[in-house]
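Structure first, then comments.
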Amino acid sequence: MINALVSYKGKPARIIKQTIHKFVLEFADGSSRLVRAKDFRFIHSEFVQVDNTCTYADVSVLEDLQEEVLTLEEVTQWLFDEYNAKNAWCSCVLIEDGLYFYWQKDKVFIRPTYQVESIRTKRDAKIIETKNLKHCADNIANNILDKQDLPYIRDIEKVALNQSKHAKVLSNIGIENIPESAYRLLLNLNYFKPGFNPYPTRNNILKDDQIDASIVKVDRVDLTHLSSYAIDNFDSNDADDAISVDGDKIWIHIADVSLIATAGSELDSYAQKRASNLYLPEQIIHMLPISVTKMCALGLTETSHALSIGFTLELGEINNVEVVRSIIKVTNISYDNADGMLVSNEYLSKLQSITKAHKQYRYKNGAISLNLPNVDIRFRQGQVLITQQRLSKSRELVAEMMVMAGRVVAQFAVDNNIVMPYTIQDKGGFSQEILDNQDTLSLSESFKATKFFKRSATSIKNLPHFGLGVKAYLRITSPLRRYLDLFAHQQLSRFIKGEDTLNKEDVKKIIGIHNTTMSSVGRTIRSSNDHYKCVYLLDNPLWQGDSFVVDIRGNKTLLMIPELGMITQIRFKILPKLDEKITLKVTTVDLVDCSANFKSI
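When we follow the UniProt record's numbering, the leftmost residue of the sequence shown carries the number 1, and every step to the right adds one.
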């Protein structure tokens, strides 16, 4: 064995010494290593200097030897006619390559032709892929793309939209395989336009789909004699609540969805997976199929089916509660039109007086409402529109009526032992001064007061909602738009029909599933709004506007920009005063981080 040619981890070596159980191998660079016999492969008894540049081998002879098992010596003789050290090494190189043969311990298996062709096809494809990958990487480096690059770009797109964790070309060009890096690259390549919103897909928001549905006929109370008004934005066509008054009786009518999206049905599952409508700047993604919305929305036909809640209000206390399935006639009006009718329309005027009294009742019970600036964001025909939400008497009227509805149904559920997903909120740390003067707080005082709110939660316990100043509260008025509203309707529907309602454990599970989904929904809405605010600033690089100081933290000043619905932080050499107005201009915008920087002018 001394002076034999062997292969150690694919490298040629010479045996220079032998012990009882081990051998000393010498390599081409002069180094040596003590190894066991099982760790190297014997090639030839005579050592010569070899490399991987081999002479021509006639592989055609292998056609007659398919699937045979030969020794290295036999293979060498077939390929080269002569078994010497150099030819044996060349055979070893070919075997290690794996195209025509592979090792079976110390023997060599001759591959059948179909295996050889399959391997060759894969290798050719890999060569082409390597070439195409380099082509794409070179194009990216030059900020260009062509059709040949699209498969690799789509892989990057999947990473950008959080649908994949890896894209070959990103690794190839040294960019981290995370959504933010992939998205930034595609923006730079102009593959993604700034107006494209990546967040619904990135957060796995399900798209609108279609499911067949039909209206179930049930006995209904005829309330068509009432003047019922659905008040909403001027462009809304999916009203799910309406209000009316009949003498001392207040009525709140809600789209009767639970008879169509019944508990446990395909529609119910569809809605539960989506949890809520998403009102995004560029689109509405619906909780229920649009056909169901059209079928159930109030005021789209001469008469509408509703779940109507009737009650009287005496010194803020609720009495004479009725919950009935009804048929009503609805007049749809916008907030702007409603504002003009609050004096002239006897029903709306009366309801406004009722809601004012109810709001005062809640304030006496510790309710708090902070009027901070807010904006509506729309992306239409490639343009971002940002408008400040203005205070409106009709908006306040509708909001208070919805609070009443939630309070009434919560009381009805408690009185009748119906397990419900109550919305609860612990008592905040507000001073009495804030509670007494909440309507006249400055912007900075309102901003500071937000820190004292406790997070609201959903529970089967009918605990108070201190922020609203009520003993128990249910979200009930948007069954077309919010799943827990729909679920509450399903519980009411079971009760009205005399069926068993779901128990506490079942309702807890539904709340848990809903909370998980709503986490993605909330994240998508926030990110989408921030995204389009940044798009707006990119489209208006010379933007200037007013901001107001709402907090000072060390040498950093926090400023609220009402026009944009944004907050920014700036360092000043001389600190401004709280609520001081400071004009800002935008300096930089980062669409990937959904952030913008400003400076004072």
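All C-beta atoms, glycine included, are put in the ideal place defined by N, C-alpha and C.
Being a predicted model, the structure only gives us computed values, none of them experimental.
| query | result |
| --- | --- |
| Looking at the unbroken alpha helix (DSSP H) that takes in residue 78, where does it start and where does it end? | 72–80 |
| Assess contact between the stretch 423–433 and the stretch 381–394, defined as three or more Cβ pairs (one per stretch) separated by less than 8 angstroms. Is contact present? | no |
| Which of the three DSSP states is assigned to residue 310 in this structure? | strand |
| On the DSSP letters alone, give me the boundaries of the beta strand (DSSP E) that residue 332 sits inside. | 330–334 |
| Do residue 377 and residue 203 come within 8 angstroms of each other at the CB atom, strictly closer than that value? | no |
| Would you please state the rounded distance, in angstroms, between the beta carbons of residue 392 and residue 424? I believe it to be under 8 angstroms. | Incorrect: roughly 28 angstroms between the Cβ atoms, too far for contact. |
| According to DSSP, what are the bridge partners of residue 458? | 423 |
| On a Cα-Cα basis, can you pick out the residue from 344, 348, 319, 296 that is closest to residue 326? | 296 |
| Which residues does DSSP pair with residue 318 in a beta bridge? | 313 |
| On the CB-based measure, 16 or more other CB atoms within 10 Å of its CB, does residue 306 come out buried or exposed? | buried |
| Sort 167, 416, 266, 510 by Cα distance to residue 214 and report the nearest one. | 266 |
| Use the C-beta contact count for residue 206: other C-beta atoms within 10 angstroms, 16 or more gives buried, fewer gives exposed. | exposed |
| Hey, would you say residue 60 sits closer than 8 angstroms to residue 72, going by beta carbons? | no |
| Distance check for residue 194 and residue 583, CA to CA, integer angstroms please. | 27 angstroms |
| Sort 451, 160, 209, 168 by Cα distance to residue 188 and report the nearest one. | 160 |
| Assuming contact is defined by CB atoms lying nearer than 8 angstroms, are residue 467 and residue 357 in contact in what I supplied? | no |
| Return the chain-ordered list of same chain residues with a C-beta closer than 7 angstroms to the C-beta of residue 473, the five sequence neighbours on each side being excluded. | 406, 407, 410, 422, 423, 465 |
| Is residue 294 near residue 300, with beta carbons less than 8 angstroms apart? | yes |
| Taking contact to mean 3 or more Cβ pairs, one atom from each stretch, closer than 8 angstroms, check whether the stretch 483–499 and the stretch 251–258 are in contact. | yes |
| Should residue 241 go down as buried or exposed, given a rule of 16 or more other Cβ atoms within 10 Å for buried? | buried |
| Give me the Cα-Cα distance between residue 441 and residue 592, rounded to the nearest whole angstrom. | 36 angstroms |
| Under 8 angstroms, do residue 35 and residue 8 count as touching if we go by C-beta distance? | yes |
| Would the stretch 273–291 count as touching the stretch 515–535 if we require 3 or more Cβ pairs under 8 angstroms? | yes |
| For the stretch 514–523 against the stretch 311–322, do three or more pairs of beta-carbon atoms, one drawn from each stretch, fall closer than 8 angstroms, so that the two count as touching? | no |
| Which partner residues does residue 104 have in the DSSP bridge list? | 107 |
| Determine which residues share a DSSP beta bridge with residue 40 and list them. | According to DSSP, which records beta bridges pairwise, residue 40 is partnered with nothing at all. |
| Count the other CB atoms, across all protein chains shown, that sit within 10 Å of the CB of residue 21; report buried if there are 16 or more and exposed otherwise. | exposed |
| For my contact list, residue 107 and residue 69 are in at a C-beta cut-off of 8 angstroms; report their separation, rounded to the angstrom. | 5 angstroms |
| Counting pairs of Cβ atoms below 8 angstroms between the stretch 93–101 and the stretch 115–122, do you hit three or more? | yes |
| Mind checking who residue 200 pairs with in its DSSP beta bridge? | Residue 200 pairs with nothing; no bridge assigned. |
| Below 6 angstroms CB to CB, which residues in the same chain sit around residue 232 once its five sequence neighbours on both sides are set aside? | 239 |
| Jot down the residue ranges of each uninterrupted beta strand (DSSP E) in the stretch 219–278, minimum 3 residues, whole runs only, in chain order. | 228–232, 241–246, 249–255 |
| To the nearest angstrom, how far is it from the Cα of residue 359 to the Cα of residue 174? | 60 angstroms |
| Can you tell me where the beta strand (DSSP E) holding residue 544 begins and where it ends? | 544–553 |
| When DSSP builds the beta bridges, which residues end up paired with residue 387? | 376 |
| Under a Cβ-count criterion, where at least 16 other Cβ atoms within 10 Å of its own Cβ denotes burial, should residue 311 be classed as buried or exposed? | buried |
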